[in-house]
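S.K.: Before I ask anything, here is the structure I am working with.
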Amino acid sequence: MYYIGIDLGGTGIKGGIVSKEGEILVKKEVRTPVEEGPQKVSFEIIHLIQDLIKELTISLKDIVSIGVGIPGVANKEGMVYYCTNLHWTNVPLGDLLRKAFGNIPIYVENDATVAALAEYVKGSMKNKDTGVMFTLGTGVGGGIIINGKVFSGGHGLGSEIGHMIVGENFYHCNCGNNGCLETFCSATAMIKYAKKLIEEENKDTVIVEKVKEDKEKIDAKIIMDAAKEGDQLANKVVDRLVMYLGIGIGNIMNTLDPQIISIGGGLSKSGDFLLDKVKKEALKHVIFKELEYGDIVIATLGNDAGIIGSAMLGV
Ligand code: ZN
Numbered sequence: 001m002y003y004i005g006i007d008l009g010g011t012g013i014k015g016g017i018v019s020k021e022g023e024i025l026v027k028k029e030v031r032t033p034v035e036e037g038p039q040k041v042s043f044e045i046i047h048l049i050q051d052l053i054k055e056l057t058i059s060l061k062d063i064v065s066i067g068v069g070i071p072g073v074a075n076k077e078g079m080v081y082y083c084t085n086l087h088w089t090n091v092p093l094g095d096l097l098r099k100a101f102g103n104i105p106i107y108v109e110n111d112a113t114v115a116a117l118a119e120y121v122k123g124s125m126k127n128k129d130t131g132v133m134f135t136l137g138t139g140v141g142g143g144i145i146i147n148g149k150v151f152s153g154g155h156g157l158g159s160e161i162g163h164m165i166v167g168e169n170f171y172h173c174n175c176g177n178n179g180c181l182e183t184f185c186s187a188t189a190m191i192k193y194a195k196k197l198i199e200e201e202n203k204d205t206v207i208v209e210k211v212k213e214d215k216e217k218i219d220a221k222i223i224m225d226a227a228k229e230g231d232q233l234a235n236k237v238v239d240r241l242v243m244y245l246g247i248g249i250g251n252i253m254n255t256l257d258p259q260i261i262s263i264g265g266g267l268s269k270s271g272d273f274l275l276d277k278v279k280k281e282a283l284k285h286v287i288f289k290e291l292e293y294g295d296i297v298i299a300t301l302g303n304d305a306g307i308i309g310s311a312m313l314g315v
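Numbering of the sequence shown is given in the numbering used here, commencing with residue 1 and proceeding in unit increments.
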């Protein structure tokens, strides 16, 4: 039997057919026609699924479930309450897919939750009953696994770790609050803070050289690279991220005490450089200093996590 996983993003729709063990057997990607609205996007998803089935020369009756990871929030019926990147509010994605695929169960979940599930089944959180994943990308996502099951709260609105309030910031979060983890620990946050520092205090940084004076070209990788080279301003940016991520992870350790915490998303590519600092910082905030807490690790599945995790929603 086979499971279909769809990773719906703002630029691309990735889909795959996955085995029960979380192995991707075939995968494909198409562009997300965001500007043409939700009907057209769901039509593309349906097409992609039909193509995948054809490619593996199986039929619909071999499919156990279809799971979709979305950059937003949905309820159990697959009603997407909002999806900022796609400009969606109240889109009945589950119903649209059910019309095409009859009684195959359809699951729609937040993409960070889905990534956490993938890491639990096949990646960095394997063989741990409780795990929490932080995805540090354009924003900060969160996924919580409790006793082997994804936890999204009583209304599907939980696990928004990126909107945990951890301090006071010089700009507001997209959600309207001030001080969300996302505004300290995302790529966006790094870029905003680096630009602020360059403007206010110090133009003497290799970041400016790396982008040939064009500040619009500053990205998180350039800042990370500059920090690794010992650049002072870049390290100030990274240290600030680390400080707040330490607070966020410390809060999770004290409230949930997960067996493992996994860091994924684009910023996790900086590997041990970031991880070593974050581990030290998080442990400053745990209550029982002499007792053991879950390890903090880097996620291992990368771009495939969305396909694998959404497929695993039906296992
Ligand atoms: Zn927020």
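Here a beta-carbon is modelled for each residue, glycine too, at the ideal position from N, C-alpha and C. Just so it is clear, the structure is predicted and the values come from calculations on it, not from any experiment.
1) Taking one C-beta from the stretch 197-206 and one from the stretch 173-189 each time, how about it: are there three or more such pairs within less than 8 Å?
2) Considering only C-alpha positions, which residue in the set Leu313, Gly314, Met312 and Asn303 is nearest to Lys14?
3) Who are the near neighbours of Lys215 in its chain, counting only those whose CB is closer than 8 Å to its CB and skipping five residues on each side?
4) Use the C-beta contact count for Glu119: other C-beta atoms within 10 angstroms, 16 or more gives buried, fewer gives exposed.
5) Is the beta carbon of Glu21 within less than 7 Å of some heavy atom of the ligand ZN?
6) Please check the pair Gly153 and Val166, which I expect to be a contact at CB under 8 Å, by giving their CB distance rounded to whole angstroms.
7) Just jot down, in chain order, the residues whose CB lies closer than 6 Å to any heavy atom of the ligand ZN.
8) May I ask you to verify whether the stretch 46-62 touches the stretch 91-106, counting CB pairs closer than 8 Å and requiring at least 3?
9) Per DSSP, which one or two residues make a beta bridge with Ser262?
10) Going by the CB atoms, is the gap between Gly123 and Phe134 shorter than 8 Å?
11) Quick check: the Cα distance between Thr130 and Leu256, rounded to an integer number of angstroms?
12) Tell me which same chain residues have a C-beta within less than 6 Å of the C-beta of Trp88, skipping the five on either side of it?
13) DSSP state of Ser65, grouped into three classes?
M.R.: So, to answer that:
1) no
2) Within the sequence shown, residue 14 is the residue found at index 14, counting from 1. Considering only alpha carbons, the answer is Asn303.
3) Looking up residue 215 in the sequence shown gives position 215. Once the five neighbours on either side are set aside, the close Cβ partners of Lys215 are Lys195, Ile198 and Val208.
4) Here residue 119 refers to the residue found at position 119 of the sequence shown. Buried.
5) On the sequence shown, residue 21 is found 21 positions in, with the first residue counted as 1. It does not: the Cβ of Glu21 is nowhere closer than 7 Å to a heavy atom of the ligand ZN.
6) Start at 1 with the first residue of the sequence shown, and residue 153 comes out as number 153. Start at 1 with the first residue of the sequence shown, and residue 166 comes out as number 166. Wrong, their Cβ atoms sit about 20 Å apart, outside the cutoff.
7) His163, Cys173, Cys175, Asn177, Cys180 and Glu182
8) yes
9) Working through the sequence shown from its first residue, we reach residue 262 at position 262. Bridge partners of Ser262: Met133 and Val297.
10) Looking up residue 134 in the sequence shown gives position 134. Looking up residue 123 in the sequence shown gives position 123. Not closer than 8 Å, so no.
11) Looking up residue 130 in the sequence shown gives position 130. Looking up residue 256 in the sequence shown gives position 256. So the two alpha carbons sit approximately 9 Å from each other.
12) Position 88 of the sequence shown, counting from 1, holds the residue named residue 88. Excluding sequence neighbours, Trp88 sits near Pro38 and Val80.
13) As a working mapping, residue 65 is identified with position 65 in the sequence shown. Three-state DSSP puts Ser65 in a strand.
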